[in-house]
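Undergrad: The structure under discussion is supplied below as structure tokens; questions concerning it will follow.
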Amino acid sequence: MKRHARKLILSVLFLSFFCFTKNSEAAEYYVAPDGNDVASGTIVEPFKTFLPALTRAQAGDTIYARGGTYDFDNAMVRGIARDASSAGATSCPEGQKLTDGYCFKDAYGFISIKDFSGWASNHPAYSIASGAENNPITVRNYPGETPILDLTDQRFDPGFPPNGEVFKRAVTVGLKAYWVIEGFEIMGGIVNVEGGTQSAQTHDITIKNNNIHDIACDGGDNPGIVRIDRGDWGGPYNIFIHGNKLHGIYDWEQPNQWDGVIDAQHFGAVTMLSRQSYLGFEGGGTGYIEIKNNEIYEVPQAFFFKNCTAGPVLIENNIIHDCGSLGTIVASNMHFVRNLSYNVDRGFRAMGNNSDGIMNDPRLVAIAGQNATVEYNTFVGLDLLMSLWTGTGHTIRNNIFCGLNSRVQGANWDTPAYISKSEVYTDAENVAESLLQQVTSNNNCFISPHSDFQFASRYMPSGVEHYTYTQARNIFGFDPDSLIIIRSDPQSIFVDAAQSNFHLQDPSICPNMGYYADLDMAAPANPTGLNVS
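If you count the sequence shown from 1, position 524 lands on 717 in this note's numbering, and the numbers rise without skipping.
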């Protein structure tokens with residue numbers, strides 16, 4: 194018995210020693226604006242660029258960025274750009290490289306977590322390791338300091354428009370796994386997560402606690418402050434976007450303008466692309482994306498999920514305000530839960546897709562804007578939640594909607610409605626066959642200044658029909674147990690709307706609903722004499 198006990202103790206000691214040793218072997222590297230790439234990379238001798246730290250880092254290691262502004266002198270080569278207009282060239286401008294009859298130039302960023310072949314470049318090849326499950330590689334701010342990655346310098350010109358890249362990439366991740374990017378301020382450049390092949394995928398990438406802002410770019414390349422690009426096979430999955438401030442992305446033809454952008458549909462605070470719309474169902478697409486605890490503001494739309502994909506996508510506990518719209522959603526299985534949205538009057542459009550390439554394949558139809566769940570959110574100033582194309586199976590419950598300023602009386606073809614069957618892909622003439630019959634909405638709280646606010650609309654070949662709440666309830670079965678509150682100043686039901694405090698004055702008015710459901714129900718009631726019907 195003593196012998197077995199001794200063996201057990203020795204085994205525990207060995208495991209403890211092994212775990213301690215493994216943890217103690219994790220390395221730390223340091224980068225600073227005034228560092229030197231031939232230095233040792235210690236806290237007293239930091240590197241100048243992230244490249245030497247990135248190429249050394251292994252699972253469990255941490256790269257610390259000291260505070261200060263990083264400019265072009267701190268940049269690394271992240272890729273190449275081809276001048277399409279140089280076809281047949283026999284020589285190239287200084288600094289460019291002639292390869293296969295074209296001129297190429299190096300493209301720069303700050304943090305490039307992907308292998309680089311050196312082909313058609315003036316820079317040698319390099320390779321980057323992946324982290325491991327529960328042992329990622331982390332690139333982050335040194336505690337208490339703010340590293341600022343500034344791409345506003347024109348030397349960061351990313352390509353050869355209109356044929357090259359049309360936005361600047363501060364951070365690039367491609368075909369690597371288990372990395373964390375944390376604690377940066379990024380000015381003028383995006384975070385791009387990309388790639389997928391039959392032999393490698395990009396996955397388990399965390400982007401957290403960053404302040405990313407003021408990016409001017411061309412909408413033709415589907416930009417996003419955080420952009421999840423498609424792969425050639427499969428695509429990125431387990432991408433976690435947590436606790437960031439994402440604000441200020443502009444069309445470079447309308448600088449510093451986030452509202453009224455002509456090409457607003459192609460800009461997102463978070464943009465997601467997926468391969469199946471282009472390359473077919475076989476091979477899969479972009480996978481699970483998680484967007485939590487972010488503040489998103491001053492963007493043409495919060496989310497741009499351009500392509501069909503099974504997802505799923507979790508959007509939880511974000512504060513979204515002062516945006517052109519909530520977004521374009523062609524991805525399926527979105528769960529939009531416990532978010533606060535204010536000063537955003539348009540919700541989600543393109544729930545589904547009507548392109549021939551998708552509509553001709555029922556497998557693609559099944560993953561095009563289907564099965565969204567929207568619950569426990571507070572929307573202030575919203576006039577339209579969903580504009581449906583072909584997507585079905587949506588569930589909307591336990592939300593607070595305050596706004597709904599459009600009326601059925603005097604409505605025309607473009608008057609917003611809480612739920613609309615879009616004219617982009619017209620509805621069946623027979624109301625029993627309407628796509629609206631396949632949406633479940635109930636146990637919500639609707640607050641409007643008008644008793645005839647437009648609850649639903651649908652566009653048919655013969656024209657458009659408009660529905661009040663009562664009509665929509667009777668015809669489509671919408672919201673039989675929901676609350677309708679008519680108030681001339683709907684925002685007065687909140688504690689302090691002017692200061693963006695959207696707790697309810699009287700939580701019993703909309704019980705167990707909205708972003709603050711748990712907190713409000715725990716608060717004492719403060720009756721306000723609202724007209725509830």
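Ideal Cβ positions, reconstructed from N, Cα and C, are used throughout, including at glycine.
As the structure is a prediction and not an experimental result, all values here were calculated from the model.
Could you give the DSSP three-state label for Lys215: helix, strand or coil?
TA: With a pLDDT of 43 at Lys215, under the threshold of 50, the modelled position of this residue cannot be trusted, and the question is left open.
Undergrad: Run through DSSP, which three-state label would Glu626 get?
TA: Helix.
Undergrad: Quick check on DSSP: helix, strand or coil for Leu368?
TA: Coil.
Undergrad: Looking at Gly453 and Ser467, is the spacing between their C-beta atoms short of 7 Å?
TA: Contact: no.
Undergrad: Quick check on the DSSP output: the alpha helix (DSSP H) that includes Thr248 runs from which residue to which?
TA: Element bounds for Thr248: Leu244 to Arg249.
Undergrad: With a 10 Å radius around its C-beta and 16 neighbouring C-beta atoms as the bar for buried, classify Arg271 as buried or exposed.
TA: Result: buried.
Undergrad: Ala495 bridges to which residues according to DSSP?
TA: Paired residues: none, contrary to the question.
Undergrad: Return the first residue and the last residue of the alpha helix (DSSP H) that Tyr662 is part of.
TA: Where Tyr662 is concerned, the enclosing alpha helix (DSSP H) stretches over Tyr662 to Phe669.
Undergrad: Which residue marks the beginning of the alpha helix (DSSP H) containing Asn615, and which one marks its end?
TA: What sits at residue 615 in the sequence shown is Ser, not Asn. Looking at the DSSP string, Ser615 is not in any alpha helix (DSSP H), and its letter there is neither H nor E.
Undergrad: Take every Cβ of the segment 423 to 431, pair it with every Cβ of the segment 394 to 409, and state whether three or more of those distances are shorter than 8 Å.
TA: Yes: the two stretches touch, three or more of their Cβ pairs being nearer than 8 Å.
Undergrad: Buried or exposed: Ser278, going by 16 or more other Cβ atoms within 10 Å of its Cβ?
TA: When all chains shown are included, Ser278 counts as exposed.
Undergrad: Skipping 5 residues on each side, what residues in its chain have a beta carbon closer than 6 Å to that of Ile508?
TA: Once the five neighbours on either side are set aside, the close Cβ partners of Ile508 are Ile484 and Phe529.
Undergrad: Which same chain residues end up closer than 6 Å to Ile593 when comparing Cβ atoms and leaving out the 5 residues on each side of it in sequence?
TA: If we look at Ile593 and ignore the five residues flanking it on each side, its Cβ neighbours are Thr571, Cys638, Cys703, Met706 and Gly707.
Undergrad: Going by DSSP, which residues form a beta bridge with Gln394?
TA: DSSP, once it has assigned bridges, lists Gly389 as partnering Gln394.
Undergrad: Bridge partners for Lys137 per DSSP, in chain order?
TA: Since the first residue shown for the chain is 194 and the last is 726, residue 137 is missing from the structure and cannot be characterised.
Undergrad: For the putative contact between Ser627 and Asn564, defined by C-beta atoms under 8 Å, what is the C-beta separation to the nearest angstrom?
TA: With 8 Å as the limit, Ser627 and Asn564 do not qualify as a contact, their Cβ atoms being about 18 Å apart.
Undergrad: Please give the ranges of any beta strand (DSSP E) in the segment 306 to 330, keeping only runs that are unbroken, at least 3 residues long and fully inside the region.
TA: Counting whole runs of 3 or more residues, the segment 306 to 330 contains no beta strand (DSSP E) stretch at all.
Undergrad: Name the two residues that bound the continuous alpha helix (DSSP H) containing Val558.
TA: Where Val558 is concerned, the enclosing alpha helix (DSSP H) stretches over Pro555 to Val558.
Undergrad: Quick check: Gln630 and Phe671, are their CB atoms within less than 7 Å of each other?
TA: Result no, Cβ atoms of Gln630 and Phe671 do not sit closer than 7 Å.
Undergrad: Go ahead and label Glu568 buried or exposed: buried means 16 or more other beta carbons lie within 10 angstroms of its beta carbon, across all protein chains shown.
TA: The residue is buried, with at least 16 neighbouring Cβ atoms inside 10 Å.
Undergrad: So, using beta-carbon positions, are Phe309 and Ala300 closer together than 7 Å?
TA: Going by C-beta atoms, Phe309 is not nearer than 7 Å to Ala300.
Undergrad: Here's the rule: buried if 16 or more other CB atoms are within 10 angstroms of the residue's CB, otherwise exposed. What is Lys195?
TA: For Lys195, the predicted structure reports a pLDDT of 44, less than 50, and the residue's modelled location is therefore unreliable. The matter cannot be settled from this model.
Undergrad: Just how far apart, CA to CA, sit Gln647 and Glu378?
TA: Straight-line Cα distance between these residues: approximately 42 Å.
Undergrad: Tell me the rounded alpha-carbon separation between His696 and Pro642.
TA: The alpha-carbon atoms of His696 and Pro642 are separated by roughly 19 Å.
Undergrad: So what does Pro683 bridge to, in DSSP terms?
TA: Pro683 is not bridged to any residue.
Undergrad: When you compare the segment 458 to 466 with the segment 404 to 421, are there three or more beta-carbon pairs, one atom per stretch, that lie closer than 8 Å?
TA: The segment 458 to 466, when compared against the segment 404 to 421, does touch it at the 8 Å Cβ threshold.
Undergrad: Terminal residues of the continuous alpha helix (DSSP H) containing Tyr471?
TA: Gln469 to Leu472 is the span of the alpha helix (DSSP H), which, as asked, contains Tyr471.
Undergrad: Do the CB positions of Ala313 and Tyr371 come within less than 7 Å of each other?
TA: Cβ distance not < 7 Å, so Ala313 and Tyr371 don't count as in contact.
Undergrad: Determine the DSSP secondary structure at Gly596, reduced to helix, strand or coil.
TA: In this structure, Gly596 counts as strand in the three-state DSSP scheme.
Undergrad: Given Tyr652, which residues of its chain have a CB within under 8 Å of its CB, disregarding the five upstream and five downstream residues?
TA: Counting only Cβ-Cβ distances below 8 Å, and skipping sequence neighbours, we find Trp606, Ser613, Lys614, Ser615, Glu616, Thr619 and Asp620.
Undergrad: Return the residue from the list Cys516, Asn532, Gly288 and Leu578 that minimises the CA-CA distance to Ala543.
TA: Comparing Cα-Cα distances from Ala543 to each of Cys516, Asn532, Gly288 and Leu578, the minimum goes to Leu578.
Undergrad: Quick one: grab the DSSP three-state call for Met706.
TA: Coil at Met706, not helix or strand.
Undergrad: Using DSSP's beta-bridge definition, name the partner residues of Gly272.
TA: DSSP output for Gly272 lists Ala300 as bridge partner(s).
Undergrad: Do Ser548 and Cys501 count as a contact pair if the criterion is CB distance below 7 Å?
TA: For Cys501 and Ser548, no; Cβs fall outside 7 Å.
Undergrad: Is it buried or exposed for Ala268, if we count other Cβ within 10 angstroms and need 16 for buried?
TA: Buried, by the Cβ-count rule.
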